[in-house]
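**Q** My questions will all concern the structure given below.
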Ligand code: CP
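In this note's numbering, the protein residues as written are 234 to 553.
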């Protein structure tokens, strides 16, 4: 593990990929490599965050992000508290800001927040004096997901420069897509979006990205096929005729994957809707699917992010 601790991040928060430089992203990926090795060792613990307090505050369900932040904090030696929103005073009408400032008064060092509203995590970060990590806000950003995706790609020996990545499916509701568009674009990859017109955001032309409604056309020449979950919980009307129809046109099966470059790799941030956006035969094929690797990289990236943020904390305690 690093013996000197040079700063990595300019900001005391990680709110999105949009605000990160290529240098910051590269340094986070490099640091995460060290934590991949640590995660595979017998003794997985270090004392980088010894004495620090990390709070997970998730207003939306999560399996991967919450558990990996918890593991990451514990492996770094921090005290980690998982705030259960369902049994908290939020159910009695307490506001997001009141909940956050209450937790802030307990003097945590890092607050990790997932919220259903885009922009909520940035707003909260202005009200507290600890570091804040965006663990996913509405359809805005999910920065640690994009970082772990980048680490997974890089570890497969792929250079970002000139890499063609097809992001497929429900782009409209996807914070994972937005963070990946920012990150992959900054790192020199060619990103294209594939999916039904109804699930493409209006600002897509502003992204300046090629879009396809046809999987055959969209996957042609792709090195990475990144599937997105159909986010039915964010849909108020009928965006797709039926999940069966959706799978027929935009679900990734072996036949559609064959349109991509030979050796193309498949990613999915999870949770997956099997038989809706991805066929089990593809998802479970360890020759092409990086899905489990993505989960492992999630712990390493989150350790790197917590380590990086802690480097900016004053040695004697946080700012008051
Ligand atoms: N990819 C992702 O954010 O998964 P969770 O919702 O399980 O955290």
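All residues carry an ideal CB built from backbone N, CA and C; glycine is no exception.
Take the Cβ of residue 255 as the centre, count every other Cβ of all protein chains shown within 10 Å, and call the residue buried at 16 or more, exposed below.
**A** Here residue 255 is taken as the residue at index 22 of the chain shown, counted from 1. Exposed is the call here.
**Q** Taking residue 560 as part of the alpha helix (DSSP H), name the residues at either end of that continuous run.
**A** An answer regarding residue 560 cannot be provided, because it is not within the stretch 234 to 553 covered by the chain.
**Q** Relative to the C-alpha of residue 335, which candidate in 241, 434, 362 and 486 has its C-alpha closest?
**A** The residue given as residue 335 occupies position 102 in the chain shown. Out of 241, 434, 362 and 486, 362 has the C-alpha closest to the C-alpha of residue 335.
**Q** Using only alpha-carbon positions, find the residue among 243, 247, 514 and 544 that is nearest to residue 380.
**A** Your numbering for residue 380 matches position 147 in the chain shown. Here the closest residue by C-alpha is 247.
**Q** From what residue to what residue does the alpha helix (DSSP H) around residue 518 run?
**A** On the chain shown, residue 518 is found 285 positions in, with the first residue counted as 1. No alpha helix (DSSP H) contains residue 518, which DSSP labels as neither H nor E.
**Q** Quick check: the Cα distance between residue 457 and residue 293, rounded to an integer number of angstroms?
**A** Looking up residue 457 in the chain shown gives position 224. Looking up residue 293 in the chain shown gives position 60. For residue 457 and residue 293, the distance between alpha carbons rounds to 28 angstroms.
**Q** Thinking C-alpha only, which one of 348, 384, 388 and 253 is nearest residue 328?
**A** Locating residue 328 in the chain shown gives position 95, where the first residue counts as 1. Comparing Cα positions, the closest option is 348.
**Q** How big is the Cα-Cα spacing for residue 473 and residue 464?
**A** Walking along the chain shown from the start, residue 473 turns up at place 240. Walking along the chain shown from the start, residue 464 turns up at place 231. Near 11 angstroms, if we compare the C-alpha coordinates of residue 464 and residue 473.
**Q** Rounded to whole angstroms, what's the CA-CA distance from residue 374 to residue 383? Just pull it up for me.
**A** The residue you call residue 374 lines up with position 141 of the chain shown. The residue you call residue 383 lines up with position 150 of the chain shown. Going from the Cα of residue 374 to the Cα of residue 383 covers about 15 angstroms.
**Q** Taking 7 angstroms as the line, does the beta carbon of residue 295 fall inside it for any heavy atom of ligand 1?
**A** Along the chain shown, one-based indexing puts residue 295 at 62. Flag set: Cβ of residue 295 near ligand 1.
**Q** Among 531, 405 and 536, whose alpha-carbon lies nearest the alpha-carbon of residue 438?
**A** Translated into positions along the chain shown, residue 438 becomes position 205. For the residues 531, 405 and 536, the minimum Cα distance to residue 438 belongs to 405.
**Q** Between residue 484 and ligand 1, is there a pair consisting of the residue's CB and a ligand heavy atom that are separated by less than 7 angstroms?
**A** Mapped onto the chain shown, residue 484 falls at position 251. Because no heavy atom of ligand 1 lies under 7 angstroms away, the Cβ of residue 484 does not count as near it: no.
**Q** Return the residue from the list 366, 317 and 281 that minimises the CA-CA distance to residue 242.
**A** Here residue 242 refers to the residue found at position 9 when the chain shown is read from its first residue. The shortest Cα separation from residue 242 among 366, 317 and 281 belongs to 366.
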